[in-house]
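Numbered according to our numbering, the sequence shown spans residues 2 to 192.
Here a beta-carbon is modelled for each residue, glycine too, at the ideal position from N, C-alpha and C.
As the structure is a computational prediction, the values presented were derived from the model and not from experiment.
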Amino acid sequence: MIQGRRVQLRAIEKEDLGFMHRIQNDEEVMSWARFRPDHMVSLEALEKEYDSELKGENTLRRTFVVVDRKSGKAVGWCSLRWWRPFATTADFGIALDRGFRGRGLGTEVLELLTRLAFEQYNMHKVELFTRSDNKAMIRAAEKNAFKVEGRARESLYFDGEYTDGLALGVLRREFERLKGGAIKVRGGEKV
Ligand SMILES: CC(C)(COP(=O)(O)OP(=O)(O)OC[C@H]1O[C@@H](n2cnc3c(N)ncnc32)[C@H](O)[C@@H]1OP(=O)(O)O)[C@@H](O)C(=O)NCCC(=O)NCCS
């Protein structure tokens, strides 16, 4: 379990699949976070994905449930992916339920995932891709030293409209500078 001040990141349990199913079928949530043209996923598909992760078949992604420490509730999910072979760059996915946004939780989740990428997975860089009108995502990333690296013009198409996509990224040394010191690797050895 990864402990933050206000959130915890923990492994997905079978009991979380109902929550994941609800949130991944929520049109508003998925209008920001979806990765396919529609916003629907069946419970069976989520179960299959879960079983596949349990068997260790997906070695290029770690997905966590975000828990609000105050209420103890599951309030979202996030993932860290490294999908390009031989790359030392990771990529994020994140979505919080409607009632839990705008309270600083997303900024903290991003910080925890960035730390995880650098401290445990020894990544050199972390990236994310988002809609150019996703102000909360862009700001939460900037607060973790991410910089806008590029704008993919009209690259996203949802609901009959084209939207620009923004690529943001942070290098390990930039994050370390923000946090005021070298990121430690497992075991406490400075790098
Ligand atoms: C994007 C998301 C993870 C951000 O997390 P969050 O907890 O809502 O954001 P925070 O409360 O940490 O706020 C981060 C910054 O964005 C600002 N912000 C938050 N919501 C905002 C909004 N709707 N419009 C403009 N700024 C906003 C905050 O004021 C804060 O900046 P500040 O500290 O300078 O004031 C969350 O809103 C979310 O899950 N949204 C839906 C799914 C999604 O967009 N996923 C990302 C796909 S790439």
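Using CA atoms only, rank isn't needed, just tell me which of the options is closest to residue i.
i             : options                        : result
valine 8      : Arg104, Leu117, Val67          : Val67
arginine 102  : Ala137, Ser72, Gly151, Ala146  : Ala137
lysine 74     : Thr89, Leu10, Gly181           : Leu10
aspartate 92  : Gly181, Glu58, Ala142          : Ala142
serine 80     : Ala153, Ala12, Ser156, Lys180  : Ala12
leucine 61    : Arg85, Glu29, Glu177, Glu28    : Arg85
threonine 64  : Glu54, Val149, Arg70, Asn123   : Glu54
leucine 172   : Phe159, Leu157, Glu120         : Glu120
glutamate 50  : Leu18, Ala146, Ala34           : Leu18
leucine 131   : Ala118, Glu150, Glu175, His125 : At residue 131 the sequence reads threonine, which differs from the leucine that was named. Here the closest residue by C-alpha is Glu150.
glutamate 162 : Pro38, Ile24, Ile3, Met2       : Pro38
methionine 2  : Val110, Lys180, Leu157         : Val110
leucine 179   : Asn145, Ala168, Glu155         : Asn145
threonine 1   : Asn123, Trp78, Trp33           : Because residue 1 is not part of the residues shown, which for the chain are 2 to 192, the question remains open.
leucine 113   : Glu58, Phe87, Trp78            : Trp78
glutamate 177 : Arg154, Asn135, His125         : His125
glycine 42    : Ile24, Asp98, Thr108           : One point to set straight first is that residue 42 is valine, not glycine, in the sequence displayed. Checking every option, the nearest Cα to that of valine 42 belongs to Ile24.
valine 76     : Thr164, Ala168, Phe20, Glu58   : Phe20
serine 1      : His40, Gly100, Asn135          : Since the first residue of the chain shown is 2 and the last is 192, residue 1 is not available in this structure.
arginine 35   : Lys148, Arg174, Ala168, Leu157 : Leu157
Would you give the residue range spanned by the alpha helix (DSSP H) that residue i belongs to?
i              : result
leucine 106    : 106-116
valine 30      : 28-34
glycine 19     : 18-25
aspartate 160  : Here aspartate 160 belongs to no alpha helix (DSSP H), and DSSP marks it neither H nor E.
isoleucine 139 : 136-143
Just checking my contact of residue i with residue j at CB under 8 Å: how many whole Å lie between their CB atoms?
i             : j            : result
valine 127    : glycine 170  : 7 Å
glycine 94    : arginine 82  : 7 Å
glutamate 133 : arginine 116 : The sequence shown places serine at residue 133, rather than the glutamate named in the question. At roughly 27 Å, the Cβ-Cβ gap does not stay under 8 Å, so serine 133 and arginine 116 are not in contact.
aspartate 69  : leucine 106  : 7 Å
alanine 96    : valine 30    : 5 Å
Cβ of residue i versus every heavy atom of ligand 1: is any distance shorter than 7 Å?
i              : result
asparagine 135 : yes
tryptophan 33  : yes
glycine 107    : yes
alanine 12     : no
glycine 103    : yes
isoleucine 24  : no
glycine 77     : yes
threonine 131  : yes
alanine 88     : no
lysine 74      : no
valine 30      : yes
methionine 21  : no
lysine 144     : yes
Could you check where the beta strand (DSSP E) with residue i kicks off and where it finishes?
i            : result
lysine 126   : 126-132
aspartate 92 : 90-97
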